[in-house]
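Undergrad: Converting from the sequence shown to the numbering used here requires adding 70 to each position, the first position being numbered 1.
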Amino acid sequence: MPRKRQSGRQREHRATLFWLVVLALAAGGWLWYTYGRPGPPPPAATASPTPSPRPARPPAGAQAARVDFPLDGDSLQVTADQPGPVIDVTDPVQVRLLGIDAPELHGADGSPRCWADTARTELQELAPNGSRLWLLPDEQRLDPYGRRLVYAWTADGRFVNGELAARGAVRELAIRPNLAHQQELHDAVEQARTQRRGLWGSCVGR
Numbered sequence: 071m072p073r074k075r076q077s078g079r080q081r082e083h084r085a086t087l088f089w090l091v092v093l094a095l096a097a098g099g100w101l102w103y104t105y106g107r108p109g110p111p112p113p114a115a116t117a118s119p120t121p122s123p124r125p126a127r128p129p130a131g132a133q134a135a136r137v138d139f140p141l142d143g144d145s146l147q148v149t150a151d152q153p154g155p156v157i158d159v160t161d162p163v164q165v166r167l168l169g170i171d172a173p174e175l176h177g178a179d180g181s182p183r184c185w186a187d188t189a190r191t192e193l194q195e196l197a198p199n200g201s202r203l204w205l206l207p208d209e210q211r212l213d214p215y216g217r218r219l220v221y222a223w224t225a226d227g228r229f230v231n232g233e234l235a236a237r238g239a240v241r242e243l244a245i246r247p248n249l250a251h252q253q254e255l256h257d258a259v260e261q262a263r264t265q266r267r268g269l270w271g272s273c274v275g276r
């Protein structure tokens with residue numbers, strides 16, 4: 071009889087332990103589910119698309135003209151597509167780039183000044199024969215030689231006067247009242263001079 075009681079108590083004890091283990095596991099699982107399980111992974115960082123730079127354009131109101139050929143480093147012969155605010159004819163005309171001055175192709179002794187040929191080549195690279203330029207005037211429309219005084223931009227929006235200044239192909243020439251872009255041109259010339267680009271590295275004292 072005592073053995074039977076002992077055996078029954080052992081079974082009860084085992085059953086109790088079993089259910090305690092089950093309850094403990096269930097409680098642990100609930101706690102893990104509630105507090106311990108890893109949260110959903112953070113959303114992958116999406117880089118904001120960098121806005122593509124707006125393509126440069128010639129300024130509004132500029133008149134288109136075809137380049138016939140450069141005359142020197144700061145003037146060209148062009149032909150307007152149609153009469154407009156800068157060139158009122160469709161015949162070939164000469165234009166002079168404002169705010170800059172390239173070395174003369176024909177100096178006092180008839181020979182080209184230092185960097186004159188290179189300046190013309192630089193202009194031809196920016197405005198090849200047959201290409202289009204977009205032109206704007208300043209206060210004065212003509213110089214004493216009858217050339218149209220202009221600022222010029224390429225089809226992709228490059229400022230020709232400023233590019234020549236930045237390359238060191240020209241010096242600054244500020245003549246009132248034509249000063250619309252003079253600060254920009256002055257800064258470009260000064261930077262080229264400081265860095266000894268173009269004529270500033272080759273023609274000092276010449």
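The beta-carbon is built from N, C-alpha and C at its ideal position, and this holds for glycine as well.
According to DSSP, simplified to helix, strand and coil, what is L167?
TA: Translated into positions along the sequence shown, residue 167 becomes position 97. Looking at L167 - three-state DSSP - the assignment turns out to be strand.
Undergrad: Taking all protein chains shown into account, decide if P128 is buried (16 or more other Cβ within 10 angstroms of its Cβ) or exposed.
TA: As a first step, residue 128 must be located in the sequence shown, where it is residue number 58. P128 comes out buried.
Undergrad: By alpha-carbon positions, which one of D161, R166, P198 ends up nearest to A225?
TA: Your numbering for residue 225 matches position 155 in the sequence shown. Of the listed residues, the one whose Cα sits closest to A225 is P198.
Undergrad: What separation, rounded to the nearest whole angstrom, lies between the Cα atoms of L141 and L269?
TA: Taking the first residue of the sequence shown as 1, we reach residue 141 at position 71. Taking the first residue of the sequence shown as 1, we reach residue 269 at position 199. Approximately 19 Å, taken between the alpha carbons.
Undergrad: With a 10 Å radius around its C-beta and 16 neighbouring C-beta atoms as the bar for buried, classify V159 as buried or exposed.
TA: The residue labelled residue 159 in the question sits at position 89 within the sequence shown. The C-beta of V159 has fewer than 16 other C-beta atoms within 10 Å across all chains shown, which makes the residue exposed.
Undergrad: Quick one: give me the first and last residue of the alpha helix (DSSP H) that S272 is part of.
TA: Against the sequence shown, residue 272 aligns to sequence position 202. That run of the alpha helix (DSSP H) goes 269 to 272.
Undergrad: If you reduce the DSSP assignment to three classes, tell me which class V148 lands in.
TA: Stepping through the sequence shown from its first residue, residue 148 is reached at position 78. V148 falls in the strand class under three-state DSSP.
Undergrad: With a CB to CB cut of under 7 Å and the five nearest residues on each side skipped, what residues in its chain are close to L219?
TA: Within the sequence shown, the letter at position 149 stands for residue 219. These residues qualify, in order along the chain: R166, L168, P207, D208, Q210, R211, L212, D213, N248.
Undergrad: For P155, which residues in the same chain have their Cβ closer than 8 Å to its Cβ, ignoring the five residues on either side in sequence?
TA: By 1-based counting over the sequence shown, the position of residue 155 is 85. Result list for P155: G131, Q133, P207, in chain order.
Undergrad: Return the Cβ separation of Q164 and S145 in integer angstroms, given the expectation that the two are a contact with Cβ distance under 8 Å.
TA: The residue you call residue 164 lines up with position 94 of the sequence shown. The residue you call residue 145 lines up with position 75 of the sequence shown. Confirmed, Cβ separation roughly 6 Å.
Undergrad: Among A236, V274, A135, whose alpha-carbon lies nearest the alpha-carbon of L203?
TA: Position 133 of the sequence shown, counted from the start, is the residue given in the question as residue 203. With distances taken between Cα atoms, L203 lies closest to A135.
Undergrad: Could you check the C-alpha separation between V36 and I157 for me, to the nearest Å?
TA: The displayed coordinates of the chain run from 71 to 276. Any statement about residue 36 would go beyond what the structure contains.
Undergrad: With 16 other CB atoms within 10 Å as the buried threshold, where does V274 fall?
TA: In the sequence shown, counting from the first residue as 1, residue 274 sits at position 204. The residue in question, V274, is exposed, as its Cβ has fewer than 16 Cβ neighbours within 10 Å.
Undergrad: Just the C-alpha distance for A250 and G216, rounded to the nearest angstrom, thanks.
TA: Taking the sequence shown and counting its residues from 1, the one referred to as residue 250 is at position 180. Taking the sequence shown and counting its residues from 1, the one referred to as residue 216 is at position 146. Taking the straight line from one Cα to the other gives about 21 Å.
Undergrad: Label R241 either buried or exposed according to how many other C-beta atoms from any shown protein chain fall within 10 Å of its C-beta, with 16 as the threshold for buried.
TA: If you number the sequence shown from 1, residue 241 lands on position 171. That one is buried.
Undergrad: Where does A222 fall in DSSP's three states?
TA: Against the sequence shown, residue 222 aligns to sequence position 152. A222: strand per DSSP, three-state reduction.
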